[in-house]
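J.:
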Amino acid sequence: MENVIQAKNLTIGYGPKVLLRNADFAVKEGDIFIIMGGSGCGKSSLLKVLTGLIPPLQGSFDLLGVDFNRASSEQKSLLRQKTGILYQSGALFSSMTLAENIAMPLEQYSAYSPSTIDELVRLKLSLVGLSGYENYYPSEISGGMKKRAGLARALALDPKVVYFDEPSAGLDPVSSARLDDLMLEINANLGTTLVVVTHELQSIFNIGNNSIYLDAATKTITGSGSPKDLLKNPPNERIAQFLTRGKEK
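Numbering (my numbering), first residue to last: 99 to 347.
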């Protein structure tokens, strides 16, 4: 399998404040790749770097075979069209219906006719279990449904990679499990690579086949690989504590 993301000596932070230094890791095509760690370790900041929202302090990363740092503005725009992102809140536009939210990237970045866009919108909503909700507004649906609608929008342009920022945040256990199942289905049926920032243990073990652990104390990656393998053979005590928290001893 090819690497869809290859990070090389990445250092991230804000000004003089470093959150993560000298990070090297690879996300393979078809991975469900978990970025995990405790509060303040730089998980969300790493995601911001990978999505191009902020630059790294040092180092670089290749996205779909292209050095993102050295890419032109046009290249970066094309790369972003090959990725999608689901934010914590879903980030739907409140004044637009679900159909209008999902149609927006198709209207901006494709040459499809309005009738084809309407068909694709219905397909994407069906994919996330929201058939018949095209004309609903975000205020009229539940939190779990907002996340699924946000995922439908992230999938609008058939991306190679979809990023998730704490997808289970604010969800009850049933809605969280349903979202996990949906992510597994999308990965299996569409072959989409998923990069997921989360600290939820159930999700980590349910969906992740590859991962990195960001250590806030050392500001480095101190573990990588399958979460289940890391649980069986933790490389250090902090990872062991993180992956067993809440369990009876």
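For every residue, glycine included, the Cβ atom is placed at its ideal position computed from N, Cα and C.
Look up Y311 in the DSSP assignment and give the residues it is bridged to.
T.: Here residue 311 is taken as the residue at index 213 of the sequence shown, counted from 1. Beta-bridge pairing links Y311 to M134, G321.
J.: Report, in whole angstroms, the separation of the C-beta atoms of I132 and T296, which I expect to be a contact under 8 Å.
T.: Reading the sequence shown from its first residue, position 34 is the one you call residue 132. Reading the sequence shown from its first residue, position 198 is the one you call residue 296. With 8 Å as the limit, I132 and T296 qualify as a contact, their Cβ atoms being about 6 Å apart.
J.: Nearest CA to the CA of L292: which residue from D278, L299, Q300, E298?
T.: Position 194 of the sequence shown, counting from 1, holds the residue named residue 292. It is D278.
J.: Name the two residues that bound the continuous alpha helix (DSSP H) containing Y207.
T.: Your numbering for residue 207 matches position 109 in the sequence shown. 196-207 is the extent of the alpha helix (DSSP H) around Y207.
J.: If we count the other Cβ atoms within 10 Å of its Cβ and call it buried at 16 or more, is F191 buried or exposed?
T.: Numbered from 1 along the sequence shown, position 93 holds the residue referred to as residue 191. By the 10 Å Cβ count, F191 comes out exposed.
J.: How should V272 be labelled, buried or exposed, when 16 other C-beta atoms within 10 angstroms of its C-beta is the threshold for buried?
T.: Along the sequence shown, one-based indexing puts residue 272 at 174. Burial call: exposed.
J.: Using the three-state DSSP reduction, which class does R168 fall into: helix, strand or coil?
T.: Here residue 168 corresponds to residue number 70 of the sequence shown, with the count starting at 1. Of the three classes helix, strand and coil, the one that applies to R168 here is coil, per DSSP.
J.: So the candidates are L184, L269, V259; which of them puts its Cα closest to the Cα of N349?
T.: Since the displayed the chain opens at 99 and closes at 347, residue 349 lies outside it and no answer follows.
J.: Distance, Cα to Cα, G323 vs S171?
T.: Position 225 of the sequence shown, counted from the start, is the residue given in the question as residue 323. Position 73 of the sequence shown, counted from the start, is the residue given in the question as residue 171. Their backbone Cα atoms lie some 33 Å apart in a straight line.
J.: Which ranges would you report for the alpha helix (DSSP H) in the stretch 210-286 if only whole runs of at least 4 residues count?
T.: Runs found: 212-225, 241-252.
J.: Sorted by chain position, which residues of the same chain lie with C-beta nearer than 6 Å to S266's C-beta, five sequence neighbours on each side aside?
T.: Taking the sequence shown and counting its residues from 1, one reaches residue 266 at position 168. The residues are S274, E298, S301.
J.: Report the start-end ranges of each beta strand (DSSP E) in the stretch 101-129 that is 3 residues or longer and not cut off at the edges.
T.: Runs of the beta strand (DSSP E) inside the stretch 101-129: 101-112, 115-126.
J.: Below 7 Å CB to CB, which residues in the same chain sit around F303 once its five sequence neighbours on both sides are set aside?
T.: By 1-based counting over the sequence shown, the position of residue 303 is 205. Result list for F303: P325, K326, in chain order.
J.: So what's I183 in DSSP terms, helix, strand or just coil?
T.: Stepping through the sequence shown from its first residue, residue 183 is reached at position 85. Three-state DSSP puts I183 in a strand.
J.: Between P203, E127, K222, which has its C-alpha nearest N308's C-alpha?
T.: Counting from 1 along the sequence shown, the entry for residue 308 is found at position 210. Measuring from the Cα of N308, the nearest candidate turns out to be E127.
J.: For S266, would you say it is in contact with chain D, using Cβ-to-Cβ distances shorter than 8 Å as the test?
T.: Absent here is chain D; the protein component of the structure consists of one chain.
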